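Only one structure is covered here, and it is reproduced in the block below.
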Amino acid sequence: MVISLIGYMGSGKSHISKILSDKINFRLIDLDKEISRRNKLTIPEIFEKKGEIHFRKLEREALEEILASEENTVLSLGGGTPVYYNNMEIINHGSKSIFLKASVGTLYERISKQKEKRPLIANISDENLPEFIAKHLFERNAFYSKAQFSVNTDARDPEDIVKEIIEKLYL
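In terms of the numbering used here, the numbers along the sequence shown are unbroken and rise by one, the last being 231.
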């Protein structure tokens, strides 16, 4: 079984996936880290040197390979992964998908301190960031809402979030 965690940057995918994989003894794959490992470049370097379209192709290839594996895996996806190609359809077909929901305020609080690590927001001022997040969330929610399950992460203990995911998946 593959469990795919989707959601906007800062929704908790990386943190929750680590706790979840430890708790249920599944291997953990962070899709962005896997793409970096395969290409020997950081995600910002891939964006800068080869562009977002090239990155999205690499992302799709890695996603298809991981979803086709037979191993029990918790897969933490990039915030944009469900939006491109028909990725959300193949995510739902090849895994149990969980949308980690968070409010604009929560997302701003979490990602404003890590802008240099996030190519899509690196050049956006703190003043304009909440509006950017809100607009992006509005655009992406149509894809995120196709997940099989949804869990709110606002002001919640990560252990409680993991417990809710396990209950939803009947693990």
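Backbone N, C-alpha and C define an ideal beta-carbon position, used for all residues, glycine too. Note that the structure is a prediction, hence the values are computed from the model and not measured.
If you draw a straight line from the C-alpha of residue i to the C-alpha of residue j, how long is it?
i	j	result
G154	A128	7 Å
D186	S172	7 Å
E94	E191	30 Å
L137	E119	9 Å
K156	K177	28 Å
G139	Y204	9 Å
L80	E124	22 Å
K73	L91	11 Å
L116	I103	According to the sequence displayed, residue 116 carries Arg and not Leu. For R116 and I103, the distance between alpha carbons rounds to 11 Å.
Between which two residues does the alpha helix (DSSP H) harbouring residue i extend?
i	result
R98	91-99
F107	103-110
S81	73-84
Smallest Cα separation from residue i: which of the options?
i	options	result
Y168	L118, L189, N132, I89	L189
K206	L180, L160, I193	L160
T213	G70, I63, V62	G70
A122	R97, E108, E112, F107	R97
E131	T102, I63, K109	I63
N146	Y230, I106, A202	A202
From what residue to what residue does the beta strand (DSSP E) around residue i run?
i	result
F209	209-212
S64	62-66
Of all the CB atoms in chain B, is at least one closer than 7 Å to the CB of residue i?
i	result
P104	Protein chains in the displayed structure number just one, and chain B is not present.
Where are the alpha helix (DSSP H) runs, 4 residues long or more, that stay fully inside the stretch 121-168, in chain order?
-> Look at the stretch 121-168 and you find these whole runs of alpha helix (DSSP H), each 4 residues long or longer: 147-154.
Quick one: which unbroken alpha helix (DSSP H) runs of 4-plus residues sit fully inside the stretch 176-201? Chain order, please.
-> Annotation note: the stretch 176-201 contains no uninterrupted alpha helix (DSSP H) run of length 4 or greater.
Counting Cβ pairs closer than 8 Å, one from the stretch 217-224 and one from the stretch 75-86, do we hit at least three?
-> The stretch 217-224 is in contact with the stretch 75-86.
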